[in-house]
Structures are given as structure tokens and as C-alpha cells.
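Notes for the one structure printed next.
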Amino acid sequence: MVAGPIAIVQMLPELHSGGVERGTLELGKYLVEQGHRSMVISGGGQMVEQLEAEGSQHVQWPVGKKSLSSLKYIARVRKLLIREKVDILHL
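Numbering (the working numbering), first residue to last: 11 to 101.
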């Protein structure tokens, strides 16, 4: 059992209209309704507006690109997880 609100980050390539994306929004909405903090890191997309309207925070980074330049986001993600006191990272 959790003592209080937790902070959860979900990370996925983009927020377009697919099954994983809909699941991400549903989970984010549920977490917020339960009093937890929900954050999503993605490359953006048409579902960001709905995600934010339902109470989740969105961070737009091109995390889905498969290139060496994507490695620079490892340090950024680590800093964000520490700064935001994230309890769970869902990849």
C-alpha cells in the first residue's frame, strides 16, 4: 500500500491515435483522479492536448528517434526524474 501520492512518468515515442497512446491517456487520467502525479515524455502528437486537459503533464522530447543524438536525453531524463521526485518510470 502506498502512503501518499506518487509521481509516475510514462515514456513513449509519440502521442498519436494508437492503442498504446490511448492506454497512456487512460492511465494518466486514472492516476490524476486517484490523486497521483502523471507525467508523459514523448515526441508530441495530436493527443497531447487531451492528455494535459485530463491533468497529466507533458514533456516533449524526441525520445523515439533511433539515432546517436538520442543518447543526450539520458542525462535529461535522469535529471527530470530526480528533480520531480519520480517514483515510477514506465517505458
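Here a beta-carbon is modelled for each residue, glycine too, at the ideal position from N, C-alpha and C.
Proximal residues to residue i (C-beta, below 8 angstroms), its chain only, five neighbours per side dropped
{"i": "E64", "result": "L35, G38, K39, V42"}
Residue i versus residue j: straight-line alpha-carbon distance, rounded
{"i": "G54", "j": "V69", "result": "8 angstroms"}
{"i": "Y83", "j": "G29", "result": "25 angstroms"}
{"i": "L91", "j": "W71", "result": "14 angstroms"}
{"i": "S80", "j": "L99", "result": "18 angstroms"}
{"i": "V87", "j": "L78", "result": "16 angstroms"}
{"i": "E62", "j": "P23", "result": "17 angstroms"}
{"i": "A32", "j": "K89", "result": "Looking at the sequence shown, residue 32 is not Ala but Arg. Whole-angstrom Cα-Cα distance: 27 angstroms."}
{"i": "R47", "j": "D97", "result": "10 angstroms"}
{"i": "V19", "j": "A85", "result": "15 angstroms"}
Distance CB(residue i)-CB(residue j) smaller than 8 angstroms
{"i": "K95", "j": "A13", "result": "no"}
{"i": "L25", "j": "V58", "result": "yes"}
Contacting residues, own chain, Cβ-Cβ under 6 angstroms from residue i (five flanking each side not counted)
{"i": "G45", "result": "P15"}
{"i": "S76", "result": "For the record, residue 76 in the displayed sequence is Lys; it is not Ser. Counting only Cβ-Cβ distances below 6 angstroms, and skipping sequence neighbours, we find nothing."}
{"i": "Q67", "result": "M49"}
{"i": "S52", "result": "L22, E24, L25"}
Interface flag, residue i vs chain B, CB-CB below 8 angstroms
{"i": "Q56", "result": "Absence of chain B from the displayed structure is noted, only one protein chain being present."}
Integer-rounded CB distance, given that residue j should sit under 8 angstroms from residue i
{"i": "M49", "j": "L101", "result": "Incorrect: roughly 13 angstroms between the Cβ atoms, too far for contact."}
{"i": "S27", "j": "Q60", "result": "Actually they are not in contact, since the Cβ atoms of S27 and Q60 sit about 10 angstroms apart, beyond 8 angstroms."}
Other residues of its chain near residue i: CB distance less than 7 angstroms, five sequence neighbours each side excluded
{"i": "R93", "result": "none"}
Unbroken alpha helix (DSSP H) runs of length 4 or more, entirely within the region 18-86: which are they?
29-43, 58-63
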